[in-house]
Every structure is written in C-alpha cells, then in structure tokens.
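Heads up, this note's numbering is the position in the sequence shown plus 3, with the first residue counted as 1.
Don't be surprised by glycine CBs; every beta carbon is placed ideally from N, CA and C.
Note that the structure is predicted; figures quoted are calculated from it, not measured.
Report on one structure; see the data block that follows.
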Amino acid sequence: MTRKQKRLSVILAGLAFLGAAAGLTFYALGQKASYFYMPADLASAIVQPGQRIRLGGLVEKGTIERGQGATVAFSVTDNQKSVKVTYTGILPDLFREEQGVITEGAFGPDGVFVADSVLAKHDERYMPKEVADGLKAKGVWQESKSQ
C-alpha cells in the first residue's frame with residue numbers, strides 16, 4: 004500500500020465510524036427527540052410507565068390539593084385534556100392556577116404523573132417557550148393574556 008492509499012483508508016474508516024456513531028445516536032433517541040408533551044399529545048404518544056418525560060401546560064383551575072408534608076396534587080391542562088400530577092417538594096413561588104408550568108417525571112402504574120421537578124414562569128410576561136408554542140397552536144394562549 005502506498006502512503007496515499009493508507010491515508011485514504013484512514014479517512015474512510017474515520018468517516019465510517021462517524022456515520023455509525025451518528026446512526027446509533029439517532030436510533031437511540033427514537034421517539035425521545037420530542038421530550039416535551041402537552042396533555043392532548045399523550046393520547047397519540049407511546050409513553051411507558053416509568054419513562055421520564057416533560058409534561059407542560061397550564062395548571063388547571065381548582066385542582067391544587069395540598070397533601071401531607073410537601074406533597075401537592077394538581078392537574079396540567081391544555082384545555083383539551085388534563086393530566087393529574089403529584090409532586091413532593093417545594094413548589095416555585097410563582098406556581099398558581101392558570102399559569103404555565105413544565106413538570107419533569109414519569110407516569111406511575113396508576114396513570115398519575117409523578118413529577119420530581121416543577122418549573123413555573125418567572126414573571127408576568129414570560130411563559131416557557133415550549134408551553135406557549137403548544138398552547139398557541141391549540142388556540143388556548145394569546146400573548147396579551149396576563150396572570
């Protein structure tokens with residue numbers, strides 16, 4: 004083999020390795036590339052109990068229930084469907100009804116979403132981009148809506 008052939012074979016092997024790595028990465032991501040779900044999206048999504056996802060929407064009015072200790076139950080809605088959520092921990096100061104929220108966690112075997120993280124909007128004009136886009140697409144949220 005000449006030097007040119009050796010160099011070419013090393014370059015081709017490197018490209019093959021990078022291609023295989025990229026292919027495996029896309030295969031592994033699969034449906035997880037869309038890691039953010041609205042409640043209505045869950046009907047068509049295949050989410051196994053115990054699979055970690057992000058769930059976002061608005062905190063449904065009248066659903067916040069304080070349990071023992073720091074346990075809170077509430078529903079997240081996109082005004083089409085609602086998902087019951089339980090969370091044990093300290094909620095953000097701005098967490099309240101009819102506000103944008105993103106929860107991270109997994110569905111339990113009983114179908115209730117068990118969150119281990121709750122993110123809420125941080126001022127009167129901001130809503131998490133994913134939540135705002137999803138709600139705008141469904142016609143539920145407008146930019147001028149406050150509170």
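With respect to Val88, Phe77 sits close: the two C-beta atoms are nearer than 7 angstroms.
Take Asp136, set aside five residues on each side of it, and no residue of its chain has a beta-carbon closer than 7 angstroms to its own.
If you look at Phe110, you'll find it isn't in any alpha helix (DSSP H); it sits in the beta strand (DSSP E) that goes 103-110.
Per DSSP, Thr66 lies in no beta strand (DSSP E) segment and is marked neither H nor E. Take Thr66, set aside five residues on each side of it, and the residues of its chain with a beta-carbon closer than 6 angstroms to its own are Phe77, Ser78, in chain order. A straight-line Cα-Cα distance of about 58 angstroms links Gly114 and Lys9. Per the coordinates, the alpha-carbon of Arg99 lies some 47 angstroms from the alpha-carbon of Gly22. Judged by their CB atoms, Gly103 and Asp119 are not nearer to each other than the 7 angstroms cut-off. In the same chain as Gln51, and ignoring 5 residues on each side of it, no C-beta atom comes closer than 7 angstroms to its own.
Between the alpha carbons of Leu32 and Phe20 lies a distance of about 18 angstroms. Rounded to whole angstroms, the gap between the alpha carbons of Lys84 and Thr91 is 23 angstroms.
The Cβ atoms of Gly53 and Ile105 lie no closer than 7 angstroms to each other.
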